[in-house]
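Here is the structure we will look at.
Numbering (UniProt numbering), first residue to last: 1 to 293.
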């Protein structure tokens with residue numbers, strides 16, 4: 001997958017004295033020198049108190065999911081509002097480095113469903129990076145707040161670029177996911193006769209994928225309580241789907257995070273039939289199904 005983000009939009013909120021007027025009078029269809037499209041806030045010429053950043057599915061050569069715009073420039077005191085528009089579970093997690101992507105203390109919030117929002121207001125000049133924890137490998141963004149020197153701005157631009165080596169590595173990861181999926185044991189384990197069934201998340205062993213549900217495929221009685229338990233300390237979701245081959249979106253029956261070791265999610269299998277499910281961050285290889293009798 002090509003992660004070149006030059007086509008993704010960039011938002012610039014002007015720095016006025018009496019008001020937050022929009023900079024660059026030639027906004028509209030004009031583009032910046034680096035090819036990023038400047039996006040004009042809706043309240044053209046008026047005060048701009050809120051900057052909106054959407055989550056959406058990627059287009060063309062973009063990653064599966066993106067923050068749009070990926071880079072936003074704004075004044076201190078401007079509120080940033082992230083909006084979930086794709087209905088996929090995301091987090092807004094601050095970080096000091098887009099290379100290491102470890103959480104910082106500024107914010108770490110879920111926007112799990114379509115229409116969910118999160119707001120944060122920076123009060124001082126500087127750069128604030130952030131990312132989505134379930135999609136940490138490719139979904140991130142940056143805020144350039146107030147007076148930031150050219151060197152820092154260049155570093156932000158570079159952080160959101162991808163060279164050929166990065167593109168090749170993403171292709172390798174996609175191939176590895178496909179190989180992992182081919183190694184999954186889809187044999188159903190008979191757990192009928194039990195009122196309660198536990199399914200653990202764990203790291204894979206030997207030829208297994210990196211992470212697995214154990215047991216991933218199980219036969220249970222109608223009315224059985226199924227409990228998923230995080231035993232590996234890695235961020236996972238338990239997300240329902242109607243088709244095991246379509247492991248994106250979904251979540252109409254259940255969509256729950258079990259993000260830390262010891263976290264659990266319970267669901268009652270109250271209708272006969274097949275209920276496939278998967279982990280959103282590891283959808284390429286971490287999935288299973290319940291056959292309810």
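For glycine and all other residues, C-beta sits at the position ideal for the given N, C-alpha and C.
When only Cα atoms are considered, residue 124 and residue 145 end up about 7 angstroms apart.
In this structure the segment 97 to 109 does not touch the segment 53 to 63; the number of beta carbon pairs closer than 8 angstroms is below three. Spanning the alpha carbons of residue 197 and residue 217 requires a straight line of approximately 12 angstroms. Counting along the chain, residue 289 sits inside the beta strand (DSSP E) bounded by residues 287 to 292. The three-state reading of DSSP puts residue 150 in helix, counting H, G and I together.
Proximity to residue 87 across 254, 276 and 204 peaks at 254, based on C-alpha coordinates. Taking a C-beta distance under 8 angstroms as the contact criterion, residue 53 and residue 72 qualify as a contact pair. A straight-line Cα-Cα distance of about 47 angstroms links residue 213 and residue 149.
Rounded to the nearest angstrom, the gap between the Cα atoms of residue 261 and residue 202 is 10 angstroms. Comparing alpha carbon positions, the residue from 207, 266 and 257 closest to residue 280 is 257. Judged by DSSP in its simplified three-state form, residue 186 adopts coil rather than helix or strand. Non-local beta-carbon contacts of residue 119 in its own chain, meaning distances under 6 angstroms to residues more than five positions away in sequence, involve 79 and 81 in chain order.
Using a Cβ-Cβ distance cut-off of 8 angstroms, the segment 265 to 280 and the segment 224 to 233 are in contact, since at least three pairs of beta carbons, one from each stretch, lie closer than that value. Residue 105: member of the beta strand (DSSP E) spanning 103 to 111, first to last residue. A straight-line Cα-Cα distance of about 25 angstroms links residue 239 and residue 107. Assignment of alpha helix (DSSP H) within the UniProt domain "Blue (type 1) copper" (59 to 145), counting only whole runs of 4 or more residues, yields no such run. Taking residue 211 as the centre and dropping the five residues before and after it, the same chain places the C-beta of 201, 202, 203, 204, 232, 234, 236, 279, 282, 285 and 286 closer than 8 angstroms to its C-beta, in chain order.
If you check the CB distance, residue 268 and residue 188 do not come in under 8 angstroms. In terms of CA proximity to residue 130, 160 leads the group 252, 75 and 160.
Under DSSP, residue 273 takes part in a beta bridge, and its partners are 292.
In the DSSP assignment, the residues bridged to residue 256 are 238.
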